[in-house]
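Notes to accompany the following structure.
Numbering (our numbering), first residue to last: 62 to 279.
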């Protein structure tokens, strides 16, 4: 049995066969989102150039600029919230290094001493965190508030406000605690000084008898 001889195309013909084969759909890879965005942006820029150069009057310059502005805003927010998400993930990876808010069993005195020690060790973030914990624990020890498991810094502050007032004082220190505890800010000298002032004011408030509003008589 005889078989036909193998085809022996010349160079140009072989190249055309390979090109035709590779052009088939099965060899095409899917286009990524980044490539699609890049292609769309390039096309948009070309249209803007043609519009302002007078080569094309069919595409509204206003629509082009508006679309470009929307794209820039989208990119900005995607970058911003992507950065925040990475920060939250990084914080969660290191969360076991600090006791969660008020879950540890240390007394207020221990927490205040821990804050002083952190400051001596040049760790102002931990100093502010421990001092706020100490204030909340102190209020609990004085039976001013009752701290439940899982309570947040803001919730503890609201409980304290109901008991002793000074809403602005507690709100500012609770927000400062959250920013530092969750890694949004680092404590500077002002933050450390304000946390010490916060501790002093609260302890003085609880040493005085609480003044309740006088009942109105009809």
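Just so you know, even glycine gets a beta-carbon here, dropped at the ideal spot from N, CA and C.
Residue i to residue j, Cα distance in whole Å?
| i | j | result |
| --- | --- | --- |
| residue 199 | residue 168 | 8 Å |
| residue 234 | residue 176 | 15 Å |
| residue 186 | residue 243 | 11 Å |
| residue 210 | residue 164 | 7 Å |
| residue 246 | residue 240 | 5 Å |
| residue 205 | residue 220 | 9 Å |
| residue 229 | residue 236 | 11 Å |
| residue 203 | residue 248 | 28 Å |
| residue 258 | residue 231 | 12 Å |
| residue 264 | residue 182 | 25 Å |
| residue 208 | residue 217 | 7 Å |
| residue 201 | residue 250 | 28 Å |
| residue 173 | residue 223 | 24 Å |
| residue 262 | residue 101 | 60 Å |
| residue 104 | residue 212 | 53 Å |
| residue 214 | residue 227 | 15 Å |
| residue 238 | residue 184 | 14 Å |
Evaluate residue i with the Cβ neighbour count: other Cβ atoms within 10 Å of its Cβ, from every protein chain shown; 16 or more gives buried, anything less gives exposed.
| i | result |
| --- | --- |
| residue 277 | With a pLDDT of 42 at residue 277, under the threshold of 50, the modelled position of this residue cannot be trusted; read the value that follows with caution. Exposed. |
| residue 193 | buried |
| residue 191 | buried |
| residue 66 | For residue 66, the pLDDT reaches just 47, beneath the cut-off of 50, and the residue's location in the model is therefore unreliable, leaving the point undetermined. |
| residue 166 | exposed |
| residue 179 | buried |
| residue 260 | buried |
Report, in whole angstroms, the separation of the C-beta atoms of residue i and residue j, which I expect to be a contact under 8 Å.
| i | j | result |
| --- | --- | --- |
| residue 266 | residue 225 | 5 Å |
| residue 196 | residue 252 | Incorrect: roughly 14 Å between the Cβ atoms, too far for contact. |
For residue i, which of helix, strand or coil comes out of DSSP?
| i | result |
| --- | --- |
| residue 274 | Residue placement at residue 274 is flagged as unreliable, the pLDDT there being 39, under the threshold of 50; a coordinate-derived value is accordingly withheld. |
| residue 231 | helix |
| residue 263 | helix |
| residue 222 | helix |
| residue 248 | coil |
| residue 258 | helix |
| residue 205 | coil |
| residue 164 | coil |
| residue 184 | coil |
| residue 211 | coil |
| residue 238 | helix |
| residue 243 | coil |
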